[in-house]
Every structure is written in C-alpha cells, then in structure tokens.
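Residue numbers are given in full-length UniProt numbering: position 164 of the sequence shown equals residue 164, and the series is strictly consecutive. Here a beta-carbon is modelled for each residue, glycine too, at the ideal position from N, C-alpha and C. The structure appears right after this line, and notes come after that.
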Amino acid sequence: MKALVFNGPRDIRYETFADPELLTPNSVIMKVTRCSICGSDLHMYHGETLGGAPYTADTPKFCTGHEFMGEIVEAGRDVCTFRVGDTALAAGGSGCGKCVACVTGGAMKCANVHVFGIGPELQGGQAEFVCVPNADAVMLNAEGLSDEHALLLTDAMTTAYFGITRADVKPGGSVIVVGLGPIGLIGVELAFLFGAAQVFALDPVASRRAMAEKLGAVSLDPADEGAARIIDATHGRGADSVFEASGASAAISSVLPLTAWGGTASFIGIPQPRDHLSMRLIMMKNITVRGGICQVTQTWPHLLPLLRQGRLKTAGLFSHQFGLKDGAEAFRLFDSRDDGVIKIMIDVE
1 MKALVFNGPR
11 DIRYETFADP
21 ELLTPNSVIM
31 KVTRCSICGS
41 DLHMYHGETL
51 GGAPYTADTP
61 KFCTGHEFMG
71 EIVEAGRDVC
81 TFRVGDTALA
91 AGGSGCGKCV
101 ACVTGGAMKC
111 ANVHVFGIGP
121 ELQGGQAEFV
131 CVPNADAVML
141 NAEGLSDEHA
151 LLLTDAMTTA
161 YFGITRADVK
171 PGGSVIVVGL
181 GPIGLIGVEL
191 AFLFGAAQVF
201 ALDPVASRRA
211 MAEKLGAVSL
221 DPADEGAARI
231 IDATHGRGAD
241 SVFEASGASA
251 AISSVLPLTA
261 WGGTASFIGI
271 PQPRDHLSMR
281 LIMMKNITVR
291 GGICQVTQTW
301 PHLLPLLRQG
311 RLKTAGLFSH
321 QFGLKDGAEA
331 FRLFDSRDDG
341 VIKIMIDVE
C-alpha cells in the first residue's frame with residue numbers, strides 16, 4: 001500500500017509500506033478514505049516522541065497519523081459491533097482491550113496503550129489501509145456524519161470537550177482560551193454553549209484570532225498587551241476558567257496570572273518535558289489545576305447530540321485539503337502556520 005511514512009525529523013515521505021494484517025481477533029482492517037494532521041503530530045514531525053524523548057537513528061520507519069476514517073474491509077472473529085462495509089472512525093489510540101480501563105471506555109488509561117502513528121508499535125492511518133485493534137471499544141460508526149465531523153471526533157473535538165469541561169465553565173462565567181488551533185477554536189464554541197458570558201481568545205496568528213472573533217470571542221494577541229487587557233476587562237480578577245490548548249511554554253506560563261482567585265486552569269496542550277507552573281500562585285489564588293489526556297470514546301455520547309442538533313458547528317476548521325501523495329507538503333504547511341492554515345484534510349481515495 002501507499003502511506004505517509006516517518007523517515008526521521010521533518011522527513012515524512014509518500015512511499016510503499018507493508019499492508020496491515022489483523023493483529024488480534026478483535027481487530028479490523030480499514031480502507032482509509034480521509035485523514036487529517038493533528039497538532040500533536042508536529043511533535044513527531046519534529047523528532048520528539050509523545051514522552052518527550054527524541055527518536056533515535058534505530059527507530060524503524062512507521063506510518064503516521066491518528067485521525068482517520070474509512071470503510072471496514074476485514075473484521076476479526078471477535079469483533080461484535082462492526083461489519084465489513086461499515087463506515088467508521090477510530091479514537092486516536094488503542095489499549096489491550098481486556099483490562100478494566102479498556103472495557104469501561106478508557107483505553108488511554110490502559111497500561112499498554114499506544115497512539116496510532118507516533119511510533120512503530122501501532123501503525124498510523126495516514127495510509128491506504130490501517131489495522132485498528134480492540135475495534136469494538138475504540139471505534140464509532142460514522143454513518144450520518146460529515147467527513148469533517150467524523151475526523152474531528154477522532155481527537156480534536158473530543159479533546160476540546162475534555163479540556164473545556166475540566167476548566168469548569170459555568171453559566172455567566174468568564175473564560176480564556178489560549179491557543180487557537182482547531183482544539184482551541186472548538187473550545188471557544190463549547191465555552192459559549194456551556195453558558196460563558198465572556199470568552200477571551202489568545203493567539204499570535206491573526207487569521208486564527210479572526211476565526212475566534214466570528215465565534216463571538218474577544219480575540220487578543222498575547223504579544224500586544226493581551227494579558228493586561230483581559231485583567232482590565234475583568235476588573236482586575238482574571239477569568240473564572242482558563243483553557244490552555246497550545247502546549248507552548250510561553251502560553252503555559254501565562255495561564256495562572258490570568259486565572260481568577262478560586263478559578264480553574266485546564267491544560268491539554270502537550271508541553272515540553274520541563275515546563276513549570278508557579279505553586280505559589282496556585283496556593284495564593286486557590287486555583288484548581290487540571291490536565292490530562294482525553295478519553296476519546298467517553299466524550300462521543302455528549303458530542304453527537306450537539307452535532308445532530310446543529311448546536312456545535314465547527315465551520316471552516318478544515319482550511320486546506322491535500323491528496324495523500326502530497327502529504328509531505330501538507331505537513332510542511334501545517335508546521336509553518338502559513339496561508340491561514342487551521343486544519344488539513346488528506347484525501348486518501
């Protein structure tokens with residue numbers, strides 16, 4: 001098959017790769033129709049594993065990507081929920097399928113969890129075909145969903161929901177969203193759906209701030225006295241809820257000073273291994289700090305009604321589309337943030 005293959009830092013190539021085989025009786029093989037690039041894929045693109053260590057020269061090549069959808073073309077004998085011919089999407093990672101975490105919908109808590117496409121342990125879905133282990137627990141039937149919504153439900157939309165709920169947004173409250181990639185922009189929309197009266201959106205990229213403004217947020221450039229303007233607008237308090245969606249060191253360090261006394265700060269952007277928060281500020285301002293990795297499948301029952309009712313729109317997030325053979329260029333553009341790029345859809349068919 002053809003796939004996007006990691007050959008080293010900033011070296012993604014469109015090349016031939018071995019066809020996947022069923023790994024376990026509860027696996028399926030999916031013919032991928034669409035996939036997308038996640039912000040966390042850039043850590044891999046820059047040569048950094050999910051744990052923060054660099055890939056070594058001995059790291060085998062692997063297929064990239066954990067946001068994908070497609071048609072099931074083969075199913076193991078123990079798969080119960082899905083059949084050949086179904087259109088489905090998969091959560092970004094899969095566990096053993098047997099432990100308490102896996103059988104209760106929390107595969108990302110499994111001691112043996114792997115994320116698709118960030119290492120050779122579990123091949124990714126930026127490819128013509130992909131094997132999905134533990135299919136019943138980590139897949140969702142995509143019938144009736146647009147391709148855009150299906151891809152966002154693999155990770156970005158679910159992570160935004162996870163982060164905003166952990167920020168404890170309350171009706172009438174004030175919210176700051178730091179980082180306006182797809183997750184942050186969906187976070188802005190969700191904050192209003194949860195009843196926020198005031199949402200501030202921080203990002204250095206003007207095109208992303210413009211999108212947040214269309215959603216109703218007050219958008220600010222963090223380099224242009226954005227923090228001071230938020231403090232003024234909240235009468236010196238800061239915001240009740242702060243959602244950090246970028247993982248950038250400067251953004252992380254800005255969160256606690258902008259959080260109100262007794263407020264909540266939620267961190268879901270993947271940080272550098274040695275980023276720090278001020279314990280003194282946490283203590284003196286009684287701030288609740290939360291972080292974590294989204295349990296993707298547990299958010300689907302909450303998000304699907306919002307999509308079906310048309311309350312969550314996510315319009316305009318897919319700013320660019322490429323074919324699989326041009327995937328290396330798609331990575332370069334996404335990494336550069338040029339040309340107003342927000343999120344890229346890759347057409348595999």
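| Query | Result |
| --- | --- |
| Own chain residues within Cβ distance below 8 Å of residue 128, not counting five before or after | 1, 2, 3, 31, 32, 324 and 348 |
| Backbone CA spacing between residue 277 and residue 287 [nearest angstrom] | 12 Å |
| Check whether residue 66 and residue 9 have beta carbons under 8 Å apart | no |
| Opening and closing residue of the beta strand (DSSP E) in which residue 219 lies | 218 to 220 |
| Euclidean distance between Cα positions of residue 150 and residue 267 | 24 Å |
| Other residues of its chain near residue 313: CB distance less than 8 Å, five sequence neighbours each side excluded | 189 |
| Distance between residue 111 and residue 162 (C-alpha atoms, nearest Å) | 21 Å |
| Cβ shell of residue 240 (< 6 Å), same chain only, five flanking positions each side left out | 173, 174, 260 and 263 |
| Contacts around residue 212, its chain only, beta-carbon distance under 7 Å, and the 5 residues preceding and following it disregarded | 180, 185, 188, 201 and 219 |
| C-alpha distance - residue 95 paired with residue 330, whole-angstrom precision | 29 Å |
| Whole-number beta carbon distance between residue 252 and residue 244, since they are thought to touch under 8 Å | 6 Å |
| In DSSP terms, what residue 146 is bridged to | Partner(s): none; residue 146 has no beta bridge. |
| Whether residue 113 touches residue 123 by CB criterion (8 Å) | no |
| Secondary structure of residue 251, DSSP reduced to three states | helix |
| Secondary structure of residue 4, DSSP reduced to three states | strand |
| Rounded straight-line distance, which links the Cα of residue 258 to that of residue 28 | 46 Å |
| Backbone secondary structure at residue 302 - three-state DSSP | helix |
| Of the residues 204, 322 and 177, the one placed nearest residue 198, counting alpha carbons only | 177 |
| Cβ shell of residue 217 (< 6 Å), same chain only, five flanking positions each side left out | 188, 199 and 201 |
| Local conformation of residue 196 per DSSP, three classes | coil |
| Which residues DSSP lists as bridging residue 72, in chain order | 30 |
| Residue 77, buried or exposed, once every other Cβ within 10 Å from all chains shown has been counted against 16 | exposed |
| Buried/exposed call for residue 101, threshold 16 Cβ in 10 Å | buried |
| Per DSSP, cross-strand counterpart(s) of residue 322 | 346 |
| Rounded straight-line distance, which links the Cα of residue 97 to that of residue 103 | 6 Å |
| Residue from 136, 90, 62 and 35 whose Cα sits closest to the Cα of residue 81 | 136 |
| beta-carbon residue 87 near the ligand NAD non-hydrogen atom, thresh 7 Å | Among the components of this structure there are no ligands whatsoever, and the ligand NAD is therefore not found. |
| Simplified DSSP state of residue 280, which is helix, strand or coil | helix |
| Residue of 227, 193, 11 and 23 minimising C-alpha distance to residue 55 | 11 |
| Residues bridged to residue 141 [DSSP beta-bridge criterion] | 88 |
| N- and C-terminal bounds of the alpha helix (DSSP H) containing residue 327 | 327 to 336 |
| Spatially closest choice to residue 279 from 292, 296 and 256, by CA coordinates | 256 |
| Distance between residue 234 and residue 74 (C-alpha atoms, nearest Å) | 56 Å |
| Delimiting residues of the beta strand (DSSP E) encompassing residue 241 | 239 to 244 |
| Closest residue to residue 205 among 191, 53 and 335 (Cα-Cα distance) | 335 |
| Through-space distance from residue 345 to residue 37, alpha-carbon basis | 7 Å |
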